[in-house]
Amino acid sequence: MRRRSDADAKPTWLMRHRLARANGDSGAAAVEFALIAPLLIALIFGVIEMSFAFRHSSALNSMTASAAHAAAAKPIPSAKSSGSGLSIINAALTDLARNASTLSAGDYIYIYSADGSGQPDGSTSSNPCPASTCLEYAFDGGNADGTATVSNFHKYSGSWNGSDLQAECGDGVGVYIDSLHNWLSGTSRLLGVGPDLGLEAQQVVTVYPSQTFNPNALCGARKSDKHDRRHHHDSGFGGR
724 MRRRSDADAK PTWLMRHRLA RANGDSGAAA VEFALIAPLL IALIFGVIEM SFAFRHSSAL
784 NSMTASAAHA AAAKPIPSAK SSGSGLSIIN AALTDLARNA STLSAGDYIY IYSADGSGQP
844 DGSTSSNPCP ASTCLEYAFD GGNADGTATV SNFHKYSGSW NGSDLQAECG DGVGVYIDSL
904 HNWLSGTSRL LGVGPDLGLE AQQVVTVYPS QTFNPNALCG ARKSDKHDRR HHHDSGFGGR
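Start counting at 1 in the sequence shown, then tack on 723, and there's your number in our numbering.
As structure tokens, this is what we get:
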């Protein structure tokens, strides 16, 4: 019988060496994947989360625009009888209720007479919604069946009734929404952005002329005083 030589043993040693190296490479790859996988998962969920946040923001912008246009389209009699402007406020609230699926309980809304910069007339950083020119509402989350009505918007402050707006003077009605966007997963905490995201939307529309529109109306100092005044906010309403 032929004796086994070193030459015969060499292939076996090479095979073992290659197998060991392959096992080592496989183990290193597993470790690398274990390190990278959480980052990839966080990135994927982060993209998904931000896409939902952008969609929510877009829906809020559409919602405020629709409500502001609905309010501006309501005729306001030139003869300022008491409460004659309430129709524009109800129009805004009715339109908001129709699109209330975009809102969450605790979101708040301003409906107001806008100054020249688009903010509530007479507003300051310490009083962003003056009672005489602005109404603040809080949304209660709607009804159990997912619908909402005007009664689901609870007035928090304000005595303004909208009757001071004049299309002849270029007056505008504004709608502002401050909403919280809740993240779908815990990825936001890993990214350090908190459990929710504050979103704001705002729209101002000039009141539409009505059948009683008077092109010769004297706005005078009233218009200059109202539309040249500037608020003292650093950036809009400041959010939550």
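For glycine and all other residues, C-beta sits at the position ideal for the given N, C-alpha and C.
Computed from a predicted model, the values in this text were never measured in an experiment.
Which residue or residues does DSSP assign as beta-bridge partners of residue i?
i: VAL928; result: VAL896
i: GLU1039; result: With the chain running from 724 to 963 in the structure shown, residue 1039 is simply not present.
i: GLU891; result: DSSP output for GLU891 lists no bridge partner at all.
i: HIS877; result: ALA861
i: SER836; result: VAL896
i: PRO843; result: ALA837
Whole angstroms are fine: how far does the CA of residue j sit from the CA of residue i?
i: ALA871; j: LEU758; result: 47 Å
i: ILE834; j: ILE764; result: 42 Å
i: ASP901; j: ASP844; result: 18 Å
i: LEU783; j: THR825; result: 7 Å
i: LEU907; j: LEU766; result: 14 Å
i: SER855; j: GLY885; result: 10 Å
i: ALA802; j: PHE768; result: Interpretation of ALA802 is limited by its pLDDT of 39, a score under 50 that renders its predicted location unreliable; no figure is taken from the coordinates.
i: ASP818; j: SER874; result: 13 Å
i: SER849; j: LEU888; result: 24 Å
i: SER781; j: ALA924; result: 9 Å
i: SER830; j: ALA752; result: According to the sequence as given, residue 830 is Asp; it is not Ser. Taking the straight line joining both Cα atoms gives about 48 Å.
i: VAL770; j: PRO918; result: 16 Å
i: SER785; j: ALA793; result: 12 Å
i: GLY806; j: GLY893; result: Residue placement at GLY806 is flagged as unreliable, the pLDDT there being 44, under the threshold of 50; the coordinate-derived value follows with that caveat. Cα to Cα, the separation comes out at about 20 Å.
i: GLU772; j: ALA760; result: 18 Å
i: ALA861; j: VAL754; result: 51 Å
i: LEU762; j: THR847; result: 44 Å
Please name the residue, chosen from the options, that lies closest to residue i on a Cα-to-Cα basis.
i: ALA823; options: GLY845, GLY864, ALA796 and PRO843; result: GLY864
i: ALA791; options: PHE777, LEU888, ALA814 and SER774; result: ALA814
i: VAL930; options: SER810, SER780 and SER785; result: SER810
i: CYS857; options: ASN875, ASP838 and SER781; result: ASP838
i: ALA867; options: GLY881, HIS877 and ALA828; result: ALA828
i: ILE812; options: VAL896, SER880 and ASP919; result: VAL896
i: LYS878; options: THR847, CYS852, ALA890 and GLY893; result: CYS852
i: GLU891; options: ALA753, ALA924 and PRO932; result: PRO932
i: SER836; options: PRO761, TRP883 and GLU755; result: TRP883
Would you mind giving the Cβ-Cβ distance between residue i and residue j, rounded to the nearest angstrom? I have them listed as a contact below 8 Å.
i: ILE832; j: VAL928; result: Not quite, the Cβ-Cβ distance comes to about 15 Å (not below 8 Å), so this is no contact.
i: ALA796; j: HIS904; result: With a Cβ gap of about 29 Å, ALA796 and HIS904 do not count as contacting.
i: PHE876; j: LEU922; result: That belief does not hold up - the Cβ atoms of PHE876 and LEU922 are roughly 18 Å apart, past 8 Å.
i: GLN926; j: ALA788; result: 5 Å
i: GLU859; j: GLY881; result: 6 Å
Compute every distance between the C-beta of residue i and the non-hydrogen atoms of the ligand ADP, then say whether any falls below 7 Å.
i: GLY865; result: This structure lacks the ligand ADP; in fact it carries no ligand of any kind.
Taking Cβ positions only, does residue i come closer than 8 Å to chain C?
i: SER874; result: The structure shown contains no chain C, having only a single protein chain.
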